[in-house]
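Here the structure is laid out as structure tokens; the discussion comes afterwards.
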Amino acid sequence: MKDNIPDSYKTLELPVQWGDMDAAQHVNNTVYLRWMESARIEMFQKMSCGGNAGHNIPHSPE
Numbered sequence: 006m007k008d009n010i011p012d013s014y015k016t017l018e019l020p021v022q023w024g025d026m027d028a029a030q031h032v033n034n035t036v037y038l039r040w041m042e043s044a045r046i047e048m049f050q051k052m053s054c055g056g057n058a059g060h061n062i063p064h065s066p067e
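Remember, the numbering used here sits 5 above the position in the sequence shown when you count from 1.
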């Protein structure tokens, strides 16, 4: 599959917090889901055209 959108891939660095690890210093499985959610929120904020920090919630016109 070819990506026709230049510069479409971004990275988001999220630090591993002490509470994200177990006693053996392995990252807990649920942390990966939180990281994905953080990346998803960041993506939607970047896609937002209003510059309202991602708070542009679509609604039906009145």
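Beta carbons are placed, not taken as given, at the ideal position from N, Cα and C, and that holds for glycine.
The beta carbons of LEU17 and SER53 sit about 16 Å from each other, so the pair does not count as a contact at 8 Å. Assigned with DSSP and collapsed to three states, VAL21 falls in coil, not helix or strand. Each residue's CA atom was taken as its position, placing MET26 and ASN34 some 9 Å apart.
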